[in-house]
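If you use numbering that gives the first Met the number 0, the sequence shown corresponds to residues 0 to 213, in order. Ideal placement from N, C-alpha and C gives every residue a C-beta, glycine not left out. Some notes on the structure that comes next.
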Amino acid sequence: MYHCNTGFKLRGTPEITCEMGKWTSAPTCVETSCQDVPNVFNAQIEGNVKDSYEPGETVRYQCHPGFIINGSATVACKAGKWTKQPVCEDATCGAPPEVTNAQIVNKEERRYLPGDKVQYKCHEGFQSMGLNYATCEGREWSQPPICEDMTCGPPPQIHDGLVQGVSKGRYSPGDKVHYRCDRGLSLYGSLTATCQDRKWSQPPVCKGILISYF
Numbered sequence: 000m001y002h003c004n005t006g007f008k009l010r011g012t013p014e015i016t017c018e019m020g021k022w023t024s025a026p027t028c029v030e031t032s033c034q035d036v037p038n039v040f041n042a043q044i045e046g047n048v049k050d051s052y053e054p055g056e057t058v059r060y061q062c063h064p065g066f067i068i069n070g071s072a073t074v075a076c077k078a079g080k081w082t083k084q085p086v087c088e089d090a091t092c093g094a095p096p097e098v099t100n101a102q103i104v105n106k107e108e109r110r111y112l113p114g115d116k117v118q119y120k121c122h123e124g125f126q127s128m129g130l131n132y133a134t135c136e137g138r139e140w141s142q143p144p145i146c147e148d149m150t151c152g153p154p155p156q157i158h159d160g161l162v163q164g165v166s167k168g169r170y171s172p173g174d175k176v177h178y179r180c181d182r183g184l185s186l187y188g189s190l191t192a193t194c195q196d197r198k199w200s201q202p203p204v205c206k207g208i209l210i211s212y213f
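Take a look at the structure:
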């Protein structure tokens with residue numbers, strides 16, 4: 000009398016008999032089929048689900064958006080059981096990093112999918128170093144930009160002259176100041192100085208007017 004191991008079923012008569020010095024034909028043990036495809040959280044099965052799968056047949060999973068697969072994406076029917084199923088891990092990102100002296104341009108979300116980007120805009124007087132965005136990559140944000148201060152301090156003073164108007168403590172890139180000389184002197188060079196890359200351009204010089212006598 001024969002009994003198959005777990006996961007196999009008999010094909011043929013389960014017993015053999017000794018007749019005339021010989022045994023009758025023995026049965027064979029064949030793998031059993033599989034039912035009930037494993038459920039993988041946050042995933043769906045590619046293709047149609049069947050009631051029964053033959054030994055060697057496979058089923059492939061696809062994780063939902065925002066999840067990445069850990070393990071083999073397929074399971075196989077083997078001796079009436081399914082091989083180890085994968086796990087779909089959450090790969091989304093939370094709130095994007097804050098950047099000093101900058102604000103996020105696009106609408107902020109509570110949950111970001113892998114590959115999502117947030118764009119930053121530096122405040123007036125500051126300039127972005129490197130990329131102006133950060134990307135969600137495997138539950139972590141890439142390095143956000145750095146907004147460097149590109150403003151200038153008070154404009155340079157000149158001998159025998161002064162800056163017109165009210166002087167400020169900080170000036171944004173591109174700001175200009177105008178100079179005037181003391182009475183009896185004239186400006187030589189540019190009439191203005193410009194704030195650029197945290198420095199002021201060369202201011203003018205006040206000189207006396209040369210008078211020629213013939």
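Nearest candidate by alpha-carbon position, reference Gly-114, set Gly-137, Pro-154 and Asn-131: Sequence index remark: in the sequence shown, residue 114 carries index 115 (1-based). The shortest C-alpha separation from Gly-114 is found at Gly-137.
Would you mind working out which of Pro-143, Pro-153 and Asp-159 sits nearest Ser-166, comparing C-alpha positions? As a working note, residue 166 is residue 167 in the sequence shown. Per the Cα distances, Pro-153.
Would you decide whether Ala-78 is buried or exposed? Buried here means 16 or more other CB atoms lie within 10 Å of its CB. Here residue 78 refers to the residue found at position 79 of the sequence shown. Burial call: exposed.
Measure the alpha-carbon distance for Phe-125 versus Thr-57 and round it to whole angstroms. Translated into positions along the sequence shown, residue 125 becomes position 126. Translated into positions along the sequence shown, residue 57 becomes position 58. Between Phe-125 and Thr-57, the C-alpha separation is close to 57 Å.
If you compare alpha carbons, which of Ser-189, Gly-55 and Gln-156 is closest to Gln-34? What you label residue 34 is simply residue 35 of the sequence shown in a count that begins at 1. Looking at the Cα atoms, Gly-55 is the closest of the given residues.
Measuring CB to CB, does Ser-127 end up less than 8 Å from Ala-133? One-based indexing of the sequence shown puts residue 127 at position 128. One-based indexing of the sequence shown puts residue 133 at position 134. No, Cβ-Cβ distance for Ser-127 and Ala-133 is not below 8 Å.
Closer than 8 Å, CB to CB, is Tyr-60 near chain D or not? No chain D appears in this structure, which consists of one protein chain only.
Measure the CB-CB distance between Ala-101 and Lys-120 and report whether it falls below 8 Å. Residue 101 sits at position 102 when you count from the first residue of the sequence shown. Residue 120 sits at position 121 when you count from the first residue of the sequence shown. Against a cut-off of 8 Å, the Cβ pair of Lys-120 and Ala-101 comes out as a contact.
Using CA coordinates, which residue listed in Asp-174, Pro-13, Asn-41 and Ser-171 is at the minimum distance from Met-0? Here residue 0 corresponds to residue number 1 of the sequence shown, with the count starting at 1. Of the listed residues, the one whose Cα sits closest to Met-0 is Pro-13.
Range covered by the beta strand (DSSP E) that runs through Gln-102: In the sequence shown, the residue the question calls residue 102 occupies position 103. Where Gln-102 is concerned, the enclosing beta strand (DSSP E) stretches over 101–103.
Whole angstroms are fine: how far does the CA of Val-204 sit from the CA of His-158? Indexing the sequence shown from 1 puts residue 158 at position 159. Indexing the sequence shown from 1 puts residue 204 at position 205. Those two C-alpha atoms are separated by around 7 Å.
Alpha carbon to alpha carbon, what distance is there between Pro-95 and Ile-67? Your numbering for residue 67 matches position 68 in the sequence shown. Your numbering for residue 95 matches position 96 in the sequence shown. One C-alpha to the other measures close to 20 Å.
Three-state class that DSSP yields for Met-128 in the structure shown: Here residue 128 corresponds to residue number 129 of the sequence shown, with the count starting at 1. Residue state, collapsed to three classes: strand.
Note down the Cα distance separating Asn-38 from Arg-109, rounded to an integer number of angstroms. The sequence position of residue 38 within the sequence shown is 39, counting from 1. The sequence position of residue 109 within the sequence shown is 110, counting from 1. Computed Cα separation, rounded: 28 Å.
Whole-Å CB distance - Val-86 paired with Gly-70, under 8 Å assumed: The count along the sequence shown starts at 1 and reaches residue 86 at position 87. The count along the sequence shown starts at 1 and reaches residue 70 at position 71. Rounded, the Cβ-Cβ distance is 6 Å, consistent with contact.
Taking 8 Å as the cut-off, decide whether the C-beta atoms of Arg-179 and Gly-160 are in contact. Within the sequence shown, the letter at position 180 stands for residue 179. Within the sequence shown, the letter at position 161 stands for residue 160. Yes; because the gap between Cβ atoms is below 8 Å, this pair is in contact.
In whole angstroms, what is the alpha-carbon distance linking Val-176 and Thr-193? Position 177 of the sequence shown, counted from the start, is the residue given in the question as residue 176. Position 194 of the sequence shown, counted from the start, is the residue given in the question as residue 193. Val-176 and Thr-193: Cα-Cα distance of roughly 7 Å.
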